[in-house]
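Have a look at the structure below before the remarks.
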Amino acid sequence: MNYLKEVWASRELLFNLTSREVRGQYKRTIFGQLWSLANPLALMLIYTFVFGLIFRSNPPPGNPSGLDVFALWLLCGLLPWTFFANVVSSGAASLVTNSNLIQKVSFSRIVLPLSTVGSAAYNWLFEMAVLLVALTIAGGFVLPWIPLMLVAMALLAIFGAGVGLIFSIANVYFRDTQYLLGIVLQLWIYLTPIIYPIQLVNTQSERLGGLLNSRITLADIYSLNPMVHFVDLFRQLLYDNRWPDSAEWLICLAWAVGMFIIGTVVFRKNERKLAETL
Amino acid sequence: MSEIAVRVDHVSKTFRMYHERNQSIKSAIMRRRTSVHEDFPALRDVTFDVPAGSTFGLIGSNGSGKSTLLKCLANIYYPNEGTITHFGRIAAMLEVGSGFHPELSGRENVYLNGSILGMSRREISRKFDEIVDFSGVEQFIDQPVKNYSSGMYVRLGFAVAINVDPEILVVDEVLAVGDQEFQEKCFQKFRDFRAEGKTVILVSHSMGSVESMCDHAAWLSHGELRAVGRADDTIKQYLDSLNSGA
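Sequences listed follow chains A and B, in order. Position 193, counted from 1, in the first sequence is what my numbering calls 186; the numbers after and before it change by one each time, with no gaps. Position 76, counted from 1, in the second sequence is what my numbering calls 448; the numbers after and before it change by one each time, with no gaps.
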């Protein structure tokens, strides 16, 4: 509890560090904030071409929204994913890149990884706003779902912060972490129904039945991945325009809170040793 | 002066000296250990009190543990044994301009740096003019700091740090910044500090500045406290030991 108070006391610093990241990031570029869209748009073009046109992984049309645009369907899952990947990878690097600051000034260290969450969230909000406009133009009725989308975004940010905190510490001890993380994140995106619909996994799972004579199915193992549930949340809210299962909300909430608690505890245990270990 | 600003109580700090350090997972697994090391005691059972309102100098040769002690005082390192108790708000100046972002303007950096050092936004706004005035970079305050000369950069950093307004100020050898005129300003600021009854703890190799500024001093040698007390006595003992050794 005291620790939370300490973190709360440094909220201004958190805000200032976040705005340092945000304002410093696209300085001296002509397109500025638009660059934040460039990466997801490039991915969208690639995946739409490969999976939408060549492989024809036709996701079912939005129900009840009636939307049937692969690119938009893709972005509803891809934007949350790129946010998450950004938070984890920049969070992991945050302590090492600011080692100078840690060795010279005493302040609440946790604001460093948290500020990367803040700056990534800023970009993400901008991207999601553009997506909402695009969905509306395509005929979706997203307006009433915006508050719930914000709740889902907050949950994913908390979850990402927890993961980022753990990796930021790991990276201090093992600098391999940041490289390993790049590979893990690449694998992870394919283990999450972002560029293919989850229905394909369910079909395969039913065909295989219980694995190794047990009652555990492929879908059960698959759904251990928390990102499956987060992506599902965003797809249902934005693409389908319907209320996701309460169970789905609870799973996401549990992952977010659990991961954040673990992250904070791990961070706190190692916080004092940072200055000399770096 | 019976009041105490900082109490250093049986403080020991050891560092690990690595003969082999495996900061990669592969070598950690292959060799089943992350490192081969031995402990190097940087501070051994150091105990002293810093009286409130004094200017306290830490002296000693290179590698005597001064900076380690300073970092312990500044809450950057944590001692393995013993405790350090502060009676009042403490601020440390181990480096000036920490956390400046080169692409941001001087103004934005003042706010950023100030909040890293623990000032609230309102506090910084209140002191903003004073900070800019002290640094002498008025006409460039809205320029990105990467265009500053190194002198301007350091002066702005110093101006922010000195305006944190702590009860206890911990200073590493940052006095050697800026030109003669700016140094004079800094010394004046330290004198003002003392006049307000605040405590300054500083590390310096320049016996001249320690002698002229400090009223108390502690002499460290190889991590051990050799002498503590009035500044002139401590300096004399230190210099004597150097001369006898030579």
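Backbone N, C-alpha and C fix where the C-beta goes; we use that ideal spot for every residue, glycine too.
Chain B beta carbons: is any one of them nearer than 8 angstroms to that of residue 6/A? yes
On a Cα-Cα basis, can you pick out the residue from 34/A, 14/A and 232/A that is closest to residue 60/A? 232/A
With 16 other CB atoms within 10 Å as the buried threshold, where does residue 222/A fall? buried
Does the beta carbon of residue 475/B come closer than 8 angstroms to any beta carbon on chain A? yes
Should residue 156/A be flagged as near chain B, meaning a C-beta pair shorter than 8 angstroms? no
Taking residue 446/B as the query, report the chain A residues whose CB atoms sit under 9 angstroms from its CB, ordered along the chain. 97, 98 and 99
Cβ pair count under 8 angstroms reaching 3, the stretch 412 to 421 of chain B against the stretch 589 to 604 of chain B: yes
Residue 572/B and residue 562/B look like a contact to me (Cβ under 8 angstroms); what is the Cβ gap, rounded to whole Å? 6 angstroms
Output yes if chain B places a C-beta closer than 8 angstroms to the C-beta of residue 288/A; else output no. In the structure as shown, chain A starts at -6 and stops at 271, and residue 288/A therefore has no counterpart that could be examined.
Could you check whether the Cβ of residue 268/A sits closer than 8 angstroms to any Cβ belonging to chain B? yes
Note down, in chain order, each residue of its chain lying with its Cβ closer than 7 angstroms to the Cβ of residue 607/B, except the 5 sequence neighbours on either side. 431, 579, 582, 583 and 589
Hey, is the stretch 65 to 81 of chain A in contact with the stretch 209 to 224 of chain A, meaning 3+ C-beta pairs nearer than 8 angstroms? yes
Spatial neighbours of residue 241/A in its chain, beta-carbon cut-off 8 angstroms, leaving aside the 5 residues before and after: 222, 225, 226 and 229
Report the residue from 476/B, 376/B and 409/B whose alpha carbon sits nearest the alpha carbon of residue 428/B. 376/B
Between which two residues does the beta strand (DSSP E) harbouring residue 39/A extend? Looking at the DSSP string, residue 39/A is not in any beta strand (DSSP E); the run it does join, the alpha helix (DSSP H), is 28 to 40.
Please look up how many angstroms separate the CB atoms of residue 120/A and residue 36/A, rounded, as I've assumed it's under 8 angstroms. Residue 120/A to residue 36/A, Cβ: 12 angstroms. No contact.
Counted within 10 angstroms of its Cβ, other Cβ atoms place residue 117/A as buried (16 or more) or exposed: buried
Partner residues on chain B for residue 13/A, Cβ-Cβ distance less than 7 angstroms: 473, 476 and 484
Residue nearest to residue 193/A in terms of C-alpha spacing, selected from 178/A, 179/A, 180/A and 211/A: 211/A
Any 3 or more C-beta pairs closer than 8 angstroms across the stretch 86 to 98 of chain A and the stretch 455 to 474 of chain B: yes
Residue 591/B, DSSP secondary structure in three states: strand
How about residue 415/B and residue 441/B: do their beta carbons lie closer than 8 angstroms? yes
In angstroms with no decimal places, state the Cα-to-Cα distance between residue 513/B and residue 529/B. 12 angstroms
Considering residue 562/B, what are the terminal residues of the alpha helix (DSSP H) in which it resides? 552 to 567
Please name the residue in 261/A, 220/A and 269/A whose C-alpha comes closest to that of residue -3/A. 261/A
Taking residue 169/A as the reference, give the member of 526/B, 401/B, 389/B and 388/B with the closest Cα. 401/B
Counting only Cβ pairs nearer than 7 angstroms, list the residues of chain B close to residue 9/A. 483, 484 and 487
Do you know offhand how far residue 150/A's Cα is from residue 500/B's? 34 angstroms
Using a Cβ distance threshold of 8 angstroms, determine whether the stretch 79 to 89 of chain A contacts the stretch 142 to 160 of chain A, with at least three qualifying pairs required. yes
With DSSP as the reference, please indicate the residues paired to residue 384/B in a beta bridge. 453/B
Beta-carbon neighbours of residue 377/B, restricted to chain A and to distances below 7 angstroms: Result: empty, since nearest Cβ-Cβ is about 17 angstroms, beyond 7 angstroms.
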